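J.: Let me begin by handing over the structure; questions about it come next.
Residue numbers (this note's numbering), protein chains in the order written: chain A, 6 to 135; chain B, 6 to 135.
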């Protein structure tokens, strides 16, 4: 298979690229994660987001456990070839491990970070508490 | 001045944090850049985006030359405290140095990156060619 499109990405020194997941419906930014070459190839092949977990050091098929898959509608690359956007349909409506729709739930107000988005589902319900 | 909100950010080993600039009107992602502590402080103080230019190694008052300032409507931080979103009003309607509205103008189509957004203004017109 032709992999020139993968060669075009400017992978960082760890072989990773940051990826912004954005809701295809209303353009809300849901989260930022990382991909290596294999994760991006799999994402394009399978049609759902596969990231590289830096903390666990392995591929992360997002939603495998929670069911909160991200179905990919579009993949974009920036002018420097070093940041990717995924336009996604977020299954379950929850992208953040805290049970919120978006990871960006802290807003700067009068010199303080205020939490401005509700928890839609408790993490224990999403991932199981046992 | 109380700077706890700046302490809350998880700056990387270079003292930087990635920042996504997003159009406050329609949530379109315009660009991704970097800030150090001083850039974020200035951005909050002045109400327009000030980044850290990694290539030039200095503060970058976006739009200083082109007039394409980004007026800040909202500042958000993610659950890991290591990515920031600026909701902005993009003066001139152009965020990218290529003269396009957004830096994310390459879309993956059939295994190739295709340019899908027009140049609104030639870079030589934006920055001057002399």
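Where a beta carbon is used, it is the ideal one built from N, C-alpha and C, also for glycine.
Just so you know, these numbers come straight off a predicted model, no measurement behind them.
1. I'd like to check one pair, residue 68 of chain A with residue 41 of chain A: are the Cβ atoms closer than 7 Å?
2. Note down the Cα distance separating residue 13 of chain A from residue 9 of chain B, rounded to an integer number of angstroms.
3. Can you grab the Cα-Cα spacing for the pair residue 45 of chain B / residue 95 of chain B, in whole Å?
4. Candidates B:86, B:131, B:132: which alpha carbon is nearest residue 120 of chain A's?
5. Classify residue 61 of chain A: buried if its beta carbon has 16 or more other beta carbons within 10 angstroms, exposed otherwise.
6. Taking the C-alpha atoms as reference points, what is the distance between residue 77 of chain A and residue 29 of chain A?
7. Beta-carbon separation of residue 110 of chain B and residue 34 of chain B under 7 Å?
8. Can you check which of these residues, A:49, A:26, A:75, is closest to residue 7 of chain A by C-alpha distance?
9. At a Cβ threshold of 7 Å, is residue 116 of chain B touching chain A?
10. Counting only C-beta atoms, is residue 80 of chain A closer than 7 Å to chain B at any point?
11. Looking only at C-alpha atoms, which of B:11, B:59, B:90, B:99 sits nearest to residue 132 of chain B?
12. Quick one: grab the DSSP three-state call for residue 129 of chain B.
T.: In short:
1. What you label residue 41 of chain A is simply residue 36 of the first chain in a count that begins at 1. What you label residue 68 of chain A is simply residue 63 of the first chain in a count that begins at 1. Contact flag unset, no.
2. As a position in the first chain, residue 13 of chain A is number 8, starting the count at 1. As a position in the second chain, residue 9 of chain B is number 4, starting the count at 1. In this structure, the alpha-carbon of residue 13 of chain A lies about 40 Å from that of residue 9 of chain B.
3. Your numbering for residue 45 of chain B matches position 40 in the second chain. Your numbering for residue 95 of chain B matches position 90 in the second chain. Straight-line Cα distance between these residues: approximately 18 Å.
4. Numbered from 1 along the first chain, position 115 holds the residue referred to as residue 120 of chain A. It is B:86 whose Cα lies nearest to the Cα of residue 120 of chain A.
5. As a first step, residue 61 of chain A is located in the first chain; it is residue number 56 there, counting from the start. The residue in question, residue 61 of chain A, is exposed, as its Cβ has fewer than 16 Cβ neighbours within 10 Å.
6. The count along the first chain starts at 1 and reaches residue 77 of chain A at position 72. The count along the first chain starts at 1 and reaches residue 29 of chain A at position 24. Rounded to the nearest angstrom, the two C-alpha atoms are 9 Å apart.
7. The sequence position of residue 110 of chain B within the second chain is 105, counting from 1. The sequence position of residue 34 of chain B within the second chain is 29, counting from 1. No, they are not a contact pair.
8. If you number the first chain from 1, residue 7 of chain A lands on position 2. Checked all of A:49, A:26, A:75; the closest Cα to residue 7 of chain A is A:49.
9. To locate residue 116 of chain B, count along the second chain from 1; it is residue 111. Closer than 7 Å to some Cβ of chain A, the Cβ of residue 116 of chain B qualifies, so yes.
10. Taking the first residue of the first chain as position 1, residue 80 of chain A is located at position 75. Closer than 7 Å: yes.
11. Indexing the second chain from 1 puts residue 132 of chain B at position 127. Of the candidates B:11, B:59, B:90, B:99, the one whose C-alpha sits nearest the C-alpha of residue 132 of chain B is B:99.
12. Within the second chain, residue 129 of chain B is the residue found at index 124, counting from 1. In this structure, residue 129 of chain B counts as helix in the three-state DSSP scheme.
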